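Report on the structure given below.
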Amino acid sequence: MKISLMAAVSENGVIGSGLDIPWHVKGGQLLFKEMTYNQWLLVGRKTFDSMGRLPNRKYAVVTRSEITSDDTDVLYFTSIESALEYLDQSTEHIFVSGGGEIYKALIEQADTVHLSVIHKKISGDVFFPELPNSMQPVFEQHFSSNVDYTYQIWQKG
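Residue numbers for the sequence shown follow the numbering used here, so the first one is 9 and each next one is one higher.
Following this line, the structure appears as structure tokens:
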């Protein structure tokens with residue numbers, strides 16, 4: 009199973025402030041929505057609660073609480089490992105979409121990292137982990153918006 013991480017990160021590594029994304033970039037969510045359409049997303053519960061459920065996606069939500077759901081598109085797991093075991097039998101590709109602890113736990117296993125680097129230094133308390141040395145940049149495109157950003161793709165070398 010291929011593991012892709014997808015995140016927006018400020019120049020100083022911030023991805024969040026509490027449960028909020030501390031910026032709004034016009035057009036910044038379009039790429040996320042397009043790439044994750046009809047895909048599995050692996051997320052932490054707080055991230056899932058704050059982002060809400062997008063249509064035409066399946067969610068593997070990692071939580072410390074025992075939660076059950078009648079929704080076949082939202083499954084809850086008590087560990088990242090149990091979520092990965094299930095997903096490995098269910099799909100060939102997952103997108104990891106946060107939060108900080110989930111990114112940190114899976115950064116070394118990622119095949120691809122999709123980053124939107126926001127060209128500002130932002131205050132916050134949730135950070136994206138440092139990319140492993142095995143990751144190499146393979147694509148970059150700059151976007152001008154209300155807040156400029158650069159979309160980057162990194163892959164294991």
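We put the beta carbon where it would ideally sit given N, CA and C, even for glycine. Bear in mind that the values here come from a model prediction, so they are computed numbers and not experimental data.
Candidates the options: closest to residue i by CA position
| i | options | result |
| --- | --- | --- |
| I75 | F85, L39, L49, S98 | F85 |
| E19 | N141, I130, K66, P140 | I130 |
| W48 | V22, V69, G108, E109 | V69 |
| L27 | G21, S58, L38 | S58 |
| I23 | G106, V155, V121 | G106 |
| G21 | I88, E116, G108, Q37 | G108 |
| V17 | Q97, V121, P140 | V121 |
| T71 | I88, R65, G132, Q37 | I88 |
Residue range of the alpha helix (DSSP H) that includes residue i
| i | result |
| --- | --- |
| M9 | First-last for M9: undefined, no H or E at that position. |
| L49 | Counting along the chain, L49 falls outside any alpha helix (DSSP H), though it belongs to the beta strand (DSSP E) covering 48-52. |
| G36 | 36-44 |
Cβ-Cβ distance between residue i and residue j below 8 Å
| i | j | result |
| --- | --- | --- |
| M14 | V134 | no |
| K199 | P137 | No answer is possible for residue 199: it lies beyond the span of the chain, which begins at 9 and ends at 165. |
| S166 | G35 | Residue 166 lies beyond the stretch modelled for the chain, which goes from 9 to 165, so this question has no answer here. |
| Y67 | D81 | yes |
| Y159 | L39 | yes |
| A118 | I11 | yes |
| L95 | M9 | yes |
Residue span of the beta strand (DSSP E) that contains residue i, given as start and end
| i | result |
| --- | --- |
| F151 | 143-151 |
| L123 | 120-126 |
| V22 | 22-24 |
| K164 | 157-164 |
query: For the stretch 48-58 against the stretch 138-150, are there 3 or more C-beta pairs whose distance is under 8 Å?
result: no
field: Contiguous beta strand (DSSP E) assignments of at least 3 residues, all confined to the stretch 44-109
entry: 48-52, 66-70, 82-85, 101-104
query: Would you call the stretch 121-128 and the stretch 17-32 in contact, with 3 or more CB pairs under 8 Å?
result: yes
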